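Each residue of the sequence shown is one higher than the one before, counting from 1 in full-length UniProt numbering.
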Amino acid sequence: MGPQGRPRPFQDTPTASGLPMGPQYRTHPFQDPLPGPGVHQGLRDLVVWLSCAVASMEGSLGDGAKDKPFHTATPLLESWALSQVAGVKVFLKCENVQPSGSFKIRGIGHLVGRVSRIPRLDLALAVTPFLPFTDGEEGMQPLRGNAGISAAYAARKLGIAATIVLPEGTSPQVVRRLQGEGAEVQLHGKVWDEANLRAQELAKRDGWVNIPPFDHPLLWEGHGSLVQELKAALGTPPGAVVLAVGGGGLLAGVAAGLVEVGWQHVPIIAMETRGAHCLNAAIKAGRPVTLPGITSVAKCLGAKTVATRAFECTQEFKVLSEVVEDVEAVNATQRFLDDERMLVEPACGAALAAVYSGLLGRLQAEGHLSPSLSSVVVIVCGGNSIDSQELQALKAMAVSPACHASESGTFFRAQYESDLLHEAPLQCSQ
Numbered sequence: 001m002g003p004q005g006r007p008r009p010f011q012d013t014p015t016a017s018g019l020p021m022g023p024q025y026r027t028h029p030f031q032d033p034l035p036g037p038g039v040h041q042g043l044r045d046l047v048v049w050l051s052c053a054v055a056s057m058e059g060s061l062g063d064g065a066k067d068k069p070f071h072t073a074t075p076l077l078e079s080w081a082l083s084q085v086a087g088v089k090v091f092l093k094c095e096n097v098q099p100s101g102s103f104k105i106r107g108i109g110h111l112v113g114r115v116s117r118i119p120r121l122d123l124a125l126a127v128t129p130f131l132p133f134t135d136g137e138e139g140m141q142p143l144r145g146n147a148g149i150s151a152a153y154a155a156r157k158l159g160i161a162a163t164i165v166l167p168e169g170t171s172p173q174v175v176r177r178l179q180g181e182g183a184e185v186q187l188h189g190k191v192w193d194e195a196n197l198r199a200q201e202l203a204k205r206d207g208w209v210n211i212p213p214f215d216h217p218l219l220w221e222g223h224g225s226l227v228q229e230l231k232a233a234l235g236t237p238p239g240a241v242v243l244a245v246g247g248g249g250l251l252a253g254v255a256a257g258l259v260e261v262g263w264q265h266v267p268i269i270a271m272e273t274r275g276a277h278c279l280n281a282a283i284k285a286g287r288p289v290t291l292p293g294i295t296s297v298a299k300c301l302g303a304k305t306v307a308t309r310a311f312e313c314t315q316e317f318k319v320l321s322e323v324v325e326d327v328e329a330v331n332a333t334q335r336f337l338d339d340e341r342m343l344v345e346p347a348c349g350a351a352l353a354a355v356y357s358g359l360l361g362r363l364q365a366e367g368h369l370s371p372s373l374s375s376v377v378v379i380v381c382g383g384n385s386i387d388s389q390e391l392q393a394l395k396a397m398a399v400s401p402a403c404h405a406s407e408s409g410t411f412f413r414a415q416y417e418s419d420l421l422h423e424a425p426l427q428c429s430q
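This is the structure:
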């Protein structure tokens, strides 16, 4: 369906895992997704083996706690500095100031809140704070995950005990943050796969639920609240919405939100870094594909396969898929710190690079965007996975001998010089 048509509902959308979704949870966005009869089987249908994190939850909840959203309405700030660079008014939707540090709390909090309404149910949440990440001699690097932090935060706000299983060698910073949210952290196995097996074992228990980090309609519904806030603040639609894509949950949620407010014609600029560009690869292949590995320094974009629903959005909306290099994302992170006094992760830098790299102007010149844009909204998705020391290390890594300059002056990792990773960025305007 073209961008002018109304996208079809989510009822028949499978999860990226390929596992079945119980009929109780096949839902159109913004309809009541509460499960019907056979709830326990329906909950087991939600198990998605995407993660090494499992949380066990116990307790009784009051209706007020269940109905109250976990996210906050975040600021929408006009950026003078980015507007000067872009030549068009740029607004920043600051999801980095959410209580959990990222937009993830909108979707994960919404999903946790909905399933927690089921009486006398002990829940187990499986999210994805870690993914395999190859970095030369360093081997498997643990990733700091916004999804895990958001799940722990939601559990704490609901007054429920949570246990999260992670691989040995996990960053102490991650463990401390999760413990600070009230979660019990178990370290199991040497690598992600071993921790994931433990997660699968625990999730077989009756009444336990795996909650995916990006691939479920309730997550997309929760993320859609962001667009409702944009409508309330702006009144009129922007010329484009710029966002970063990892597994595709934010893209699917923003698309659903645009439909809800009648803005489905607004172009979405979907930004990825090379080496984590699962959406761009899927568009080129005509179907979701699996990347050979995650090589980008934008570790929070570390999904090797994009959610099926996110891929479908490229066929139903005007989605412009763009890939930037690590050095562009890291440089955008540094410039944003200088311009706006906010330190965000390189995953967010990928979205900011749409402005700092001159991409918006190129898309206008090529006819993909209107030459007279009213405004552009950039979603500042999060800032958990970064500190000043790591930013300096990333800047050094982005221009290290492990990378080299292409003819266009951008950089990419030499060890992944394949046709898949070196095709030119794609604008998909279906």
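Virtual Cβ for every residue (Gly too), placed ideally from N, Cα, C.
Every value quoted in this text rests on a predicted model; they were computed, and no experiment measured them.
In the structure shown, E340 adopts helical secondary structure according to DSSP, grouped into three states. Within the same chain, Cβ atoms closer than 8 Å to the Cβ of I149 are found at S100, G101, S102, K104, P129, R177, L178, E181 and N384, the five residues on either side in sequence being excluded.
Bounds of the alpha helix (DSSP H) holding L363 are L359 to A365. Under the three-state reduction of DSSP, V324 is assigned to strand. In the structure shown, the three-state DSSP call for V266 is coil. By a beta-carbon distance limit of 8 Å, G239 does not contact F214. Their separation comes to about 26 Å.
In the structure shown, the three-state DSSP call for I386 is coil. For Q228, the enclosing alpha helix (DSSP H) covers residues S225 to L234. Here the alpha carbon of V355 sits roughly 20 Å from the alpha carbon of L234.
Annotation for Q186: the continuous beta strand (DSSP E) segment containing it runs A183 to L187. About 15 Å separates the beta carbons of I268 and V323, which is beyond the 8 Å limit, so they are not a contact pair. CA-to-CA, the gap between L352 and E201 works out to about 40 Å.
In this structure A350 touches A329 by the C-beta definition: roughly 5 Å separates them, less than 8 Å.
Listed in chain order, the non-local C-beta contacts of K190 below 8 Å within the same chain comprise P167, E168 and G169, local neighbours out to five positions each way being set aside. In the DSSP assignment, K204 falls outside any alpha helix (DSSP H), carrying neither H nor E. Distance from the Cα of G361 is smallest, within the candidate group V175, A252, K89 and N280, for K89. Between V378 and F70, the C-beta spacing is not below 9 Å.
With contacts defined by Cβ atoms closer than 9 Å, G113 and L158 form a contacting pair.
The segment 241-261 makes contact with the segment 213-227; the number of CB pairs closer than 8 Å reaches 3 or more. Boundaries for C381: no beta strand (DSSP E) harbours it, and the DSSP string shows neither H nor E there.
Under the three-state reduction of DSSP output, E260 falls in the helix class. For the 9 Å CB-CB criterion, A332 and S357 form a contact.
For E325, the number of other beta carbons within 10 angstroms of its own is at least 16, and it is reported as buried.
Per DSSP, reduced to three states, the secondary structure at F91 is strand.
Taking every protein chain shown into account, the CB of K93 has 16 or more other CB atoms within 10 angstroms, so this residue is buried.
T236 counts as exposed, since fewer than 16 other C-beta atoms from the protein chains shown sit within 10 angstroms of its C-beta. When the beta-carbon positions are compared, K231 and V261 come within less than 9 Å of each other. E168: not part of any alpha helix (DSSP H); DSSP gives it neither H nor E. S150 sits in a helix when the DSSP states are folded into three classes. In this chain, the beta strand (DSSP E) harbouring E78 covers L76 to S79.
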